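S.K.: Please see the structure below; I have some questions.
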Amino acid sequence: MPLSALSDVGDMYKQRFDIVLGYKANAASDSKALVLAGTHAEAATAAWEFSKKTDATFSKLKVLGLTDKKFQAYEEYWGGLVKPELQANPRSIVTTTKVGLFPDELAKAAKGGMCTLVISASKGEGAAVHYAKFQDADVGRSFRQLAGTTTIIQEVERAEYVFKCIRNGRETGKTGIVACLDSKTPVKVVIPE
148 MPLSALSDVG DMYKQRFDIV LGYKANAASD SKALVLAGTH AEAATAAWEF
198 SKKTDATFSK LKVLGLTDKK FQAYEEYWGG LVKPELQANP RSIVTTTKVG
248 LFPDELAKAA KGGMCTLVIS ASKGEGAAVH YAKFQDADVG RSFRQLAGTT
298 TIIQEVERAE YVFKCIRNGR ETGKTGIVAC LDSKTPVKVV IPE
């Protein structure tokens, strides 16, 4: 690859990162307003503002040709799960948690270098997800909990992982080894319960 092409790629990643960082800064007040909303009307207004900013960010990234498989996964997660939940019930704690985490994870994705996981559970929404690197789990080290509940999109260090579902304080399912080694292609995980 010629040096000019490498420079163009670097410029593309910087531009994408700058757009997403701007979105993260602008969306922070709306996600905070969702949590602090005293009435349904206040929550609905904050949800609308957050949605408008998120949709505009994905639209801008598309128009500028700055999307890839990773960003497509984030857009699908947003449009297929978080946005409909947010519109249906902007005061849901589960939804406001997902909204609060979304800009941070998108910014990590824009920074690059990590692996994107989209984790769900076979029995549906609402399970806590615990994870460990395979080599740590294999020697009995403890699992850590991901923020939020299924379905979750999360940026993690590239490695091999094992995941567990927890519902009502009990383990309801576990995966085998899940390789998350590619920083450009999201890995979809369904934890069997």
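Residues 148 to 340, numbered by my numbering, are exactly what the sequence shown covers, in order. All C-beta atoms in this analysis are idealised placements derived from N, C-alpha and C, irrespective of residue type, glycine included. Keep in mind that this is a model prediction, so the values were computed, not measured.
1) Taking the alpha carbon of Gly260 as the reference point, which residue from Phe290, Ile324, Thr332 has its own alpha carbon closest?
2) Assign Pro250 to buried or exposed, taking buried as 16 or more other Cβ atoms, counted over all protein chains shown, within 10 Å of its Cβ.
3) Give the DSSP-derived three-state secondary structure of Ile240 in the structure shown.
4) Alpha carbon to alpha carbon, how far is Gly169 from Gly295?
5) Using 10 angstroms around the beta-carbon of Ser178, count the other beta-carbons present and answer buried if the total reaches 16, otherwise exposed.
6) Given a cut-off of 8 Å on the beta-carbon distance, is the pair Leu233 and Ala194 in contact?
7) What does the alpha-carbon distance come out to for the pair Arg288 and Phe310?
8) With a cut-off of 8 Å on the beta carbons, I'd call Phe205 and Glu222 a contact; round off their distance for me.
9) Should Arg163 go down as buried or exposed, given a rule of 16 or more other Cβ atoms within 10 Å for buried?
10) Excluding the 5 residues flanking Asp329 on each side, which residues of the same chain have their C-beta closer than 8 Å to its C-beta?
11) By the three-class DSSP mapping on this structure, what secondary structure does Ala140 have?
12) Can you list, in chain order, the residues of its chain whose CB lies under 7 Å from that of Met159, leaving out five sequence neighbours each side?
13) In terms of residues, what are the limits of the beta strand (DSSP E) holding Glu302?
M.R.: Taking the structure as given:
1) Residue mapping note: residue 260 aligns to position 113 of the sequence shown, counting from 1. For the residues Phe290, Ile324, Thr332, the minimum Cα distance to Gly260 belongs to Thr332.
2) Indexing the sequence shown from 1 puts residue 250 at position 103. Buried, because 16 or more other Cβ atoms sit within 10 Å of the Cβ of Pro250.
3) What you label residue 240 is simply residue 93 of the sequence shown in a count that begins at 1. In the structure shown, Ile240 sits in a helix (DSSP, three-state: H, G or I).
4) Walking along the sequence shown from the start, residue 169 turns up at place 22. Walking along the sequence shown from the start, residue 295 turns up at place 148. Between Gly169 and Gly295, the C-alpha separation is close to 24 Å.
5) The residue given as residue 178 occupies position 31 in the sequence shown. It counts as buried.
6) On the sequence shown, position 86 is the one that residue 233 refers to. On the sequence shown, position 47 is the one that residue 194 refers to. Yes. Within cutoff.
7) Your numbering for residue 288 matches position 141 in the sequence shown. Your numbering for residue 310 matches position 163 in the sequence shown. Using only the alpha carbons, I get a separation of about 13 Å.
8) Looking up residue 205 in the sequence shown gives position 58. Looking up residue 222 in the sequence shown gives position 75. That belief holds up - the Cβ atoms of Phe205 and Glu222 are roughly 5 Å apart, short of 8 Å.
9) Your numbering for residue 163 matches position 16 in the sequence shown. Buried, since its Cβ has 16 or more Cβ neighbours within 10 Å.
10) Position 182 of the sequence shown, counting from 1, holds the residue named residue 329. Hits under 8 Å: Cys262, Arg305.
11) Residue 140 lies beyond the range of the chain shown here (148 to 340); nothing can be said about it.
12) Here residue 159 refers to the residue found at position 12 when the sequence shown is read from its first residue. Leu213.
13) Your numbering for residue 302 matches position 155 in the sequence shown. Counting along the chain, the beta strand (DSSP E) containing Glu302 begins and ends at 299 to 303.
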